[in-house]
Structure formats: structure tokens, C-alpha cells
Amino acid sequence: MKFEAFWRSEFPTCAAIPYLLRDAYPERWVRFHSLPESKRYAENETEYQIILHRHNAVLDQLATQDVPLLLASTEFGETTTPTRADSPLVALDPSARCDWTFKADPADSENYYRYLFISEWKWKPGIFDPILRLVADWKIVDTMIVCPTANWICHPYNGGADFILPNRQSRDQLKARFADWLSSHPRGF
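Reminder that position 78 of the sequence shown reads as 78 in UniProt numbering, one-by-one numbering, no gaps.
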């Protein structure tokens with residue numbers, strides 16, 4: 001199944017723009033911070049290891065060994081012809097293929113497009129570590145790890161990760177399991 005068809009079927013009220021998911025599906029959304037006290041950026045290797053540990057712990061709770069996951073990475077351009085930027089992600093994910101091109105902002109009169117590049121990975125702890133480090137350093141943005149069979153999404157960002165779970169119950173269970181990594185903000189930011 002093409003990623004676009006999957007997305008339109010499972011997430012019909014939201015464009016495939018990761019940061020919009022929390023508002024489109026608040027009853028399924030939870031955010032975990034990558035570092036203690038909501039610190040945004042790692043300053044040393046010890047802090048990078050905390051970031052990677054937290055991401056891997058939550059992902060390992062959701063995915064079983066070798067389950068197929070999709071890595072959805074976003075590139076941007078001014079035409080409908082997809083291109084991949086010269087970024088470190090290209091070397092880390094050479095099998096990614098553009099599966100969906102759409103206007104970055106449908107309300108905008110400018111012709112600016114998002115290209116969603118999709119690749120399949122088999123889950124095992126640590127498999128996304130090089131990519132998560134790029135995200136943590138804000139070298140790549142709008143990346144998602146998607147499990148089509150279990151209907152969940154992980155959107156890592158510099159400072160944490162947003163998760164969209166299949167339902168409120170699974171969201172609440174995940175929140176309880178990793179409660180120490182939640183924000184103290186009343187809305188969960």
C-alpha cells in the first residue's frame with residue numbers, strides 16, 4: 001500500500017505534517033521529553049545517550065523485534081518534482097523513495113511543496129539512533145516513524161517525541177509507563 005493511501009485511511013483529518021498531529025488527535029497524543037527537566041539539546045555524550053535511551057525505550061514498548069516500520073522523512077521544494085536535499089539523512093537512508101508530494105500549505109498561494117520519502121525498516125533497539133541524533137541536533141525535521149500494522153506514529157523532534165497511539169487507552173498506558181518523561185505543562189507540551 002502506498003503511504004498516501006495508508007495515511008488518508010488512518011489519519012483522514014490531518015495532513016501528513018507531523019507537528020499537526022497533536023491538535024488533530026489530542027485524545028491519542030502524548031509527548032515525552034528527551035532530557036530531564038525538559039532540556040532541549042544535549043551538551044555532551046552522556047546526554048545523547050539519555051536521549052537515545054528514552055526514544056528506544058518507548059519505541060521498544062510499542063514495536064516487537066523485526067516488525068516492519070516506515071521511516072517518513074520530509075524534504076521541501078518549489079516544484080512538484082521531488083528532490084532530496086544534500087543532507088546526512090540521504091546517506092543514512094539511501095533506500096527512501098518519494099511516495100507523496102503535496103503543497104506545504106494548501107492555503108498559501110506560493111508553490112512550496114513537501115516530499116515524503118518512505119523507507120521500510122525492521123525494528124530493533126538502536127536501529128534509528130543515527131537518525132535520532134540528527135533530529136536531536138535539529139539537522140533534520142518533520143521525520144516520523146510509523147507502524148502501519150499497529151497504527152501508531154512517533155514524531156521525534158529536538159527536545160522529545162510526540163506519539164500518536166491507536167486510541168486513548170493505549171495512550172494512557174504509555175503515559176503511565178513513562179510518566180517521569182512527561183512535561184509538567186498542563187497541556188503536555
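We put the beta carbon where it would ideally sit given N, CA and C, even for glycine. This one's a predicted model, so the numbers in the text were calculated from it and none came from an experiment.
One thing to note: Leu-70 has its Cβ within 8 Å of the Cβ of Glu-120. Taking 8 Å as the cut-off, the Cβ atoms of Glu-75 and Tyr-115 count as close. Here Ala-161 is bridged, per DSSP, to Phe-32, Pro-156. Between Ala-16 and Trp-7, the C-beta gap is smaller than 8 Å, which places the two residues in contact.
Take Asn-111, set aside five residues on each side of it, and the residues of its chain with a beta-carbon closer than 8 Å to its own are Glu-78, Thr-79, Lys-103, in chain order. Annotation for Ala-72: the continuous beta strand (DSSP E) segment containing it runs 68 to 77.
Taking each of Ser-73, Thr-46, Ile-51 in turn and checking the Cα distance to Ser-38, the smallest one comes out for Ile-51. By the Cβ criterion, the segment 80 to 97 is not in contact with the segment 31 to 45, since fewer than three pairs of Cβ atoms, one from each stretch, lie closer than 8 Å. Contact check for Leu-62 and Ala-150: beta-carbon distance about 7 Å, within the 8 Å limit, so the pair qualifies. Here Thr-143 really is in contact with Ser-73; their C-beta atoms are around 5 Å apart, less than 8 Å. Counting of Cβ neighbours within 10 angstroms places Pro-18 among the buried residues, the total reaching 16 or more.
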